[in-house]
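Chains as they are written, first to last, in the numbering used here: chain G, 1 to 238; chain E, 1 to 202.
Note that CB positions come from ideal geometry on N, CA and C, so glycine has one too.
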C-alpha cells in the first residue's frame, strides 16, 4: 500500500459509475494523473467540492493497480473570482483543456504546472485579455514549438512582416506571405509575450490586436495538437 | 465464433450496452431472463416498448411525459409566476420531492460545458425565453448543479434574462443536513457564510 501526496490543478472530471468520478489532475511532480475519487457525487461527500475542475489542491493518492485513488484533498485556491465571471471562466477552461492536451501521464512537467497556476492566478487577479493566449503560446514554446515572431520564417527579413501561418510556424514577409494577415500591433504583442515582456502584453486592453493574437494562438495550438480546442468558441458566442 | 447461440449472444450484447453493465453482468442478466417464465419476460419487453412509444417530452417544459403536456404543466393549481430551471428531468424529480416548490419547471436537457464543446444553442434555452412573457413569469429560479457546468449555465442565464426584467435567483449553496462543518470544503462554506440569514428570535 503506497501513499503519496502532491499539489495539483484539477483539469477535468468524468463521471464513473453511480457516485464516483475520474479526476484528471496536472500535478507538480508526477505530470498528468488520472485518479478515482470515490463517492464524490453524493451531497454528503467530504471532499467532492474540492475536486471540481479549476481547483488548486493538495491531494493524497493511494496507488491502485490501474488508476490511483484519491484519499484526501485540501484546497489551496478555488479561484473564486474566475468562477463568478462567465468570460474568465471560459478562458480558464480553455487553458485547462490546453494543459490536458500537452501533459502526459508519467511525464513530470513542473514548468507547465507552474505556468498554469501562474496564469490562473493572474486571471483571478485581473481580467486581462491576453492571459489565455499567452498561456497557449508559452506552453507551446515550452514543448519546443515556439513560433518565429522576430522575422520572416522563409527569408529572415525583419521588416514588412504581414502574415502569420501556423503551418510554417511563424511570421512571413510580404513577398513570402501565406496564411492570415496580421497587424503590426499584434506582431508587437506576440513579441512581448514570447520575448520576456509578458507584463506589458497582459496590461494591453482588449481590442482588435488582442483578438488577432487570440486567433493566432488558437490556430497555432490546434495545428500542433492536430485537434480542435473545444472550449475556445463555446462561451464567446453568448 | 461466439460460444453462445445467436439469440443469446444478441441479448448479452444488447444488455452490455446499458450504462454500468459490463460483459459479465450482461451475461448474468441474460441467463436470468432466459430462466424467467414467459409472461414475466414478456412484461419486461412490453414495458420497454410501451415506454419508448408513449413517453415523449413535454411541449412546454421538456420534462418526460405522456401526451403533449406533462402533469405539472397541465396542473392549473401550479403557480405560474415561479419557474424553476433544471438540467435534467431527474433534477426536477429531486426538487419536486422536497414539496417546497409550487411553481412550474423548465428542463434544459443538459448544461453548458465548454470542455465537452456543449454551448447554449444545444440546450432548451430559446424555448425558455419564449415561455417567460406569455406565462407571466416573475421569477426564474436557476436550479442547475453546483459544479462548473451548472455554474456556467447559471451565469449565462442570468446575463440573458436580467435585461428582460425578470427576477433571476440561484439555488443557495450550503451545508448538507447531518454533515460536519470541519469537513466542508472552502467554496461551499464560504458561500454558506455569504448566504447566511437572520435567526428568528420568536
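In the structure shown, what three-state DSSP assignment does residue i receive?
{"i": "residue 91 of chain E", "result": "helix"}
{"i": "residue 27 of chain E", "result": "helix"}
{"i": "residue 34 of chain G", "result": "strand"}
{"i": "residue 123 of chain E", "result": "coil"}
{"i": "residue 52 of chain G", "result": "coil"}
{"i": "residue 36 of chain E", "result": "coil"}
{"i": "residue 142 of chain G", "result": "helix"}
{"i": "residue 164 of chain G", "result": "strand"}
{"i": "residue 237 of chain G", "result": "Low confidence applies to residue 237 of chain G: its pLDDT is 42, below 50, so where it sits in the model is not reliable, and the reading given next is rough at best. Of the three classes helix, strand and coil, the one that applies to residue 237 of chain G here is coil, per DSSP."}
Under a CB-based cut-off of 7 angstroms, is residue i close to chain E?
{"i": "residue 238 of chain G", "result": "For residue 238 of chain G, the pLDDT reaches just 38, beneath the cut-off of 50, and the residue's location in the model is therefore unreliable, leaving the point undetermined."}
{"i": "residue 5 of chain G", "result": "no"}
{"i": "residue 125 of chain G", "result": "no"}
{"i": "residue 227 of chain G", "result": "no"}
{"i": "residue 230 of chain G", "result": "yes"}
Name the DSSP bridge partner or partners of residue i?
{"i": "residue 105 of chain E", "result": "E/84"}
{"i": "residue 65 of chain G", "result": "Paired residue(s): none; residue 65 of chain G is not in a bridge."}
{"i": "residue 15 of chain G", "result": "G/21"}
{"i": "residue 169 of chain E", "result": "E/141"}
{"i": "residue 77 of chain G", "result": "G/56"}
{"i": "residue 4 of chain G", "result": "G/61"}
Indicate whether at least one CB of chain G lies closer than 7 angstroms to the CB of residue i.
{"i": "residue 147 of chain E", "result": "yes"}
{"i": "residue 185 of chain E", "result": "yes"}
{"i": "residue 14 of chain E", "result": "no"}
{"i": "residue 176 of chain E", "result": "yes"}
{"i": "residue 94 of chain E", "result": "no"}
{"i": "residue 45 of chain E", "result": "no"}
{"i": "residue 152 of chain E", "result": "yes"}
{"i": "residue 188 of chain E", "result": "yes"}
Just to confirm, is the Cβ distance from residue i to residue j under 7 angstroms?
{"i": "residue 114 of chain E", "j": "residue 93 of chain G", "result": "yes"}
{"i": "residue 99 of chain G", "j": "residue 116 of chain G", "result": "yes"}
{"i": "residue 92 of chain E", "j": "residue 106 of chain E", "result": "no"}
{"i": "residue 105 of chain G", "j": "residue 15 of chain G", "result": "no"}
{"i": "residue 69 of chain G", "j": "residue 24 of chain G", "result": "no"}
{"i": "residue 240 of chain G", "j": "residue 172 of chain G", "result": "Residue 240 of chain G is absent from the model: chain G starts at 1 and stops at 238."}
{"i": "residue 47 of chain G", "j": "residue 136 of chain G", "result": "no"}
{"i": "residue 179 of chain G", "j": "residue 163 of chain G", "result": "yes"}
Residues of the region 189 to 213 of chain G whose Cβ lies closer than 7 angstroms to any Cβ of chain E, in chain order: none
Please list, in chain order, the residues of the region 86 to 117 of chain G that have any C-beta partner in chain E closer than 9 angstroms. 86, 89, 90, 93, 94, 96, 97 and 100
At a Cβ cut of 8 angstroms, what residues of the region 38 to 54 of chain G count as close to chain E, listed as they run along the chain? 43, 44, 46, 47, 48, 49, 50, 52, 53 and 54
Quick one: which residues of the region 18 to 31 of chain E get their C-beta closer than 8 angstroms to a C-beta of chain G? List them in chain order. 20
Proximal residues, the region 110 to 141 of chain E versus chain G, C-beta separation under 9 angstroms: 112, 113, 114, 115, 116, 117, 118, 119, 120 and 121
Select from the region 71 to 86 of chain G all residues with a C-beta closer than 8 angstroms to any C-beta belonging to chain E, and list them in chain order. 75, 78, 80, 83, 84, 85 and 86
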